[in-house]
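Shown next, in structure tokens, is the structure this report addresses.
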Amino acid sequence: MIRDEFASLVARALTDAQAAGDLPAFAAPEVELQHPQRPEHGDYSANLPLRIQSLVRMRAVEIATALQRHLPSHEALAEARVAPPGFLNLYLAPGWVASQAAAIARDGERFATSDRGAGARVQVEYVSANPTGPLHVGNGRGAAIGSTLANVLRAWGYNVEEEYYINDAGTQVAIFARTLYARYQQTFGRDAPIPENGYPGEYVAQVARRIRDEEGDRYLQAEGDEPDPRLGERGIELMLEEIRRDLEAIGVRYSNWYSERTLQAEGGPYHTVLAQMRERGHVVEREGAVWFASSEIGEEKDNVLIRSDGVPTYFATDIAYHFDKLVTRRFDRSLDIWGADHQGHVSRLKAAMRALDASPDGLDVVLYQLVTLKRGDRVVPLSKRAGELVTLADVVEEVGADATRFFFLLPSAGAAMDFDLDLAKRRSEENPVYYVQYAHARIRGILDRAGEAGLSAAGADATLLTHDAEQTLVRRLLLLPEVIETVVGELAPHHLPHYAQDLAQAFHVFYTQCRVVDEQEPELSRARLLLLEATRVVLARTLGLMSISAPDRM
RNA sequence: GCCCUCGUAGCUCAGUGGACAGAGCAGCGGACUUCUAAUCCGCGGGUCGCAGGUUCGAAUCCUGCCGAGGGCGCCA
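Each residue of the first sequence is one higher than the one before, starting from 1406 at the first, in our numbering.
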């Protein structure tokens, strides 16, 4: 991308200036270019002179001038100017900018793809909510972040798999099964109370009714007997069916659903890992429980692996799960998207990977802060255990899948977010996502109109794109690769919806100022149609990376 | 008590070592005989939580304090 090419120009200017004796020899830091806020400061700006002025013992302006003198020429570079207190500002050549409209239109769907990932195998695991209830709003945020990162990594040449880890073992599942059995008995008129700590939500009763309707009383035991374990399993299946459907409704599809139970199978990862940890001396027994002696390898505390009742903890199975990813299944990277309530889990899981020599550097965790759902001023409780709850499906139904995803992606993962349903609903027509989608629909409309007028971009002369609005738009298009690189590097998908809005704005301004279909000016029309095609491609790609639709009309 | 994250315009949020701090929404005022007005143009709005420090330069880094959320050996 052009930023990298310009950066290497500056780096070469530096070494050339040193060779010529205009600058003293020293080990220079890597050249980083930024976009100045003000257009008069150019398209790219090098602050290298300011950063090295104390090393070189020259004034930054003098360093910048030396760099300017040795800067190699480049077809995309119009000029370089020295600006106080010591910036070297680079200006794109308008002719080159215009030519990029043709290049982008030609690249089409391949624009802003890269092979930098070099086929490295990355597994992105996200949502992975307990199958003991419907997905809530917080899960939706994880889904939007995880699936978008997966899309972006794929575009950057990584070999990506998306996985949902099913917590179908352990305490919560057992409680769910007991609750379900109580509800199931109630459908047959028995006075079966919901167990203490059980799930009070109405949805469990709905599952119970469905099972009764479809399978009758086959799971009914004699009064007072233990529930049939198959009932709980059936309930989990039905919950997973619902979860899968809710996720598909916002464009999320997994390559793999991984069951926690299979981890614990005879000879499975759980037993392998526990044996290895014992062998390596990382396990101690105390107070009837089995512990990971993590305090001996730099953690604050030891952590329980097997509870005194013999049941493995979530932590223990999660170690096995990640060992399975990184060692057995040989993923180069395991990228986990977790809610901030799992924050304390990160460092001890990495410690466990270290203890097992299981490439802890391959484990990345993106933590997203929790979502507060609001209706106006009223905070809506999200707890799965509260009786009343607003599910992800409810939100999607109210706001729509595209707007839901866009809203979830907008704030950075590290910032807690308020999701005001009333606001999202009331302003649905002024939603930023519609602003972006409308740009795409408008382009389609113009392309249709051009077709009717017998005009196309074939044989267009891109150099006619000299209008300010045209130049600004192409410059905006050229940013997508930089945005993607940032998203990949920082694992921060929120840059995409912000870019999408900037891009849409540049288009809407162009639309207002520049007439495209004009039979009096067929040459200019052709050039502008080319620009439209390039813009359409980039808009569609940006939306596609967020799994948001790019409509042809609105 | 300790640890993590956050605190930027009335609201929701970008910006995390550069040049005069930005967007959307909300408010006010304009623009449709012209490819979709779900649009565009203009105006007002900020002690960047507070106080120190580092730096040529701090919303950004460091320290302390205040506030919000989350976490802290047998929930997941």
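Where is the CB? At the ideal position from N, CA and C, for every residue including glycine.
Identity of the residue in the options nearest residue i by Cα
{"i": "Gly-1715", "options": "Ala-1725, Asp-1729, Val-1838, Val-1695", "result": "Val-1695"}
{"i": "Ala-1548", "options": "Tyr-1773, Gln-1669, Thr-1592, Asp-1633", "result": "Tyr-1773"}
{"i": "His-1479", "options": "Met-1463, Thr-1940, Gly-1500", "result": "Gly-1500"}
{"i": "Ala-1960", "options": "Leu-1493, Ala-1422, Ala-1424, Pro-1429", "result": "Coverage of the chain is limited to positions 1406 through 1959, which leaves residue 1960 absent and any answer about it impossible."}
{"i": "Phe-1516", "options": "Ala-1555, Ala-1560, Gly-1629", "result": "Ala-1560"}
{"i": "Ala-1404", "options": "Ala-1745, Arg-1783, His-1727", "result": "Examination of residue 1404 is not possible in this model, given that the chain is present from 1406 through 1959 alone."}
{"i": "Pro-1444", "options": "Leu-1495, Gly-1744, Met-1406, Leu-1540", "result": "Leu-1495"}
{"i": "Val-1892", "options": "Ala-1909, Ser-1552, Arg-1417, Gly-1426", "result": "Ser-1552"}
{"i": "Ser-1954", "options": "Tyr-1839, Thr-1877, Pro-1898, Ile-1571", "result": "Tyr-1839"}
{"i": "Arg-1617", "options": "Gly-1894, Tyr-1589, Leu-1643, Val-1776", "result": "Tyr-1589"}
{"i": "Gly-1426", "options": "Gly-1538, Glu-1437, Val-1461, Val-1657", "result": "Val-1461"}
{"i": "Leu-1797", "options": "Pro-1816, Thr-1777, Ser-1519", "result": "Thr-1777"}
{"i": "Leu-1428", "options": "His-1475, Leu-1540, Val-1770", "result": "His-1475"}
{"i": "Val-1795", "options": "Ser-1713, Leu-1754, Gly-1606", "result": "Gly-1606"}
{"i": "Leu-1472", "options": "Thr-1518, Thr-1420, Leu-1740, Val-1502", "result": "Thr-1420"}
{"i": "Ala-1654", "options": "Val-1921, Arg-1847, Ile-1848, Asp-1807", "result": "Asp-1807"}
Beta-carbon contacts of residue i that lie in its chain and below 7 Å, excluding the five residues immediately before and after
{"i": "Glu-1489", "result": "Per the sequence presented here, residue 1489 reads as Pro, with Glu not at that position. Around Pro-1489: Val-1466."}
{"i": "Asp-1573", "result": "Pro-1536, Ile-1641, Ser-1664, Glu-1665, Arg-1666"}
{"i": "Thr-1470", "result": "Val-1487"}
{"i": "Glu-1890", "result": "none"}
Cα-Cα separation, residue i to residue j
{"i": "Ser-1664", "j": "Arg-1583", "result": "20 Å"}
{"i": "Glu-1601", "j": "Ala-1579", "result": "12 Å"}
{"i": "Asp-2014", "j": "Met-1758", "result": "As displayed, the chain neither begins before 1406 nor continues past 1959, which places residue 2014 out of reach and without an answer."}
{"i": "Val-1678", "j": "Ser-1700", "result": "19 Å"}
{"i": "Leu-1814", "j": "Leu-1948", "result": "12 Å"}
{"i": "Arg-1790", "j": "Leu-1896", "result": "Confidence in Arg-1790 is poor, its pLDDT being 47 and thus under 50, which makes the residue's placement unreliable; the coordinate value appears in the next sentence. Looking at the two C-alpha atoms, the distance is approximately 31 Å."}
{"i": "Leu-1625", "j": "Phe-1581", "result": "16 Å"}
{"i": "Leu-1884", "j": "Ala-1525", "result": "25 Å"}
{"i": "Asp-1746", "j": "Leu-1775", "result": "8 Å"}
{"i": "Leu-1455", "j": "Gly-1491", "result": "6 Å"}
{"i": "Phe-1720", "j": "Val-1612", "result": "29 Å"}
{"i": "Glu-1568", "j": "Arg-1408", "result": "35 Å"}
{"i": "Gly-1792", "j": "Leu-1878", "result": "Note on Gly-1792: pLDDT 48, under 50, position unreliable in the model; the coordinate value appears next. Their Cα atoms are separated by approximately 51 Å."}
{"i": "Val-1801", "j": "Val-1785", "result": "16 Å"}
{"i": "His-1899", "j": "Ile-1742", "result": "14 Å"}
Helix, strand or coil at residue i according to DSSP, with G and I counted as helix
{"i": "Phe-1431", "result": "coil"}
{"i": "Lys-1706", "result": "coil"}
{"i": "Trp-1561", "result": "coil"}
{"i": "Ala-1694", "result": "strand"}
{"i": "Phe-1581", "result": "helix"}
{"i": "Lys-1789", "result": "Confidence is the limiting factor: at Lys-1789 the pLDDT is only 47, short of 50, which leaves the residue's position unreliable and the question unanswerable from this model."}
{"i": "Ser-1764", "result": "coil"}
{"i": "Val-1914", "result": "helix"}
{"i": "Phe-1811", "result": "helix"}
{"i": "Phe-1516", "result": "coil"}
{"i": "Asp-1633", "result": "coil"}
{"i": "Leu-1414", "result": "helix"}
{"i": "Gln-1669", "result": "coil"}
One or two residues paired with residue i in a DSSP bridge
{"i": "Tyr-1839", "result": "Paired residues: none, contrary to the question."}
{"i": "Ile-1742", "result": "Val-1771"}
{"i": "Asn-1661", "result": "Glu-1568"}
{"i": "Leu-1482", "result": "Leu-1497"}
{"i": "Ser-1450", "result": "Gln-1439, Asn-1494"}
{"i": "Pro-1717", "result": "Ile-1711"}
Cβ neighbours of residue i in the same chain (closer than 8 Å, five flanking residues each side left out)
{"i": "Gln-1439", "result": "Tyr-1449, Ser-1450, Asn-1452"}
{"i": "Ala-1498", "result": "Glu-1480, Ala-1481, Leu-1482, Ala-1483"}
{"i": "Glu-1566", "result": "Arg-1526, Val-1527, Gln-1528, Val-1529, Ser-1660, Asn-1661, Phe-1736"}
{"i": "Ala-1430", "result": "Gln-1423"}
Spatial neighbours of residue i in its chain, beta-carbon cut-off 6 Å, leaving aside the 5 residues before and after
{"i": "Asp-1823", "result": "Thr-1777, Lys-1779"}
{"i": "Gln-1591", "result": "Ala-1597"}
{"i": "Asn-1556", "result": "Leu-1950"}
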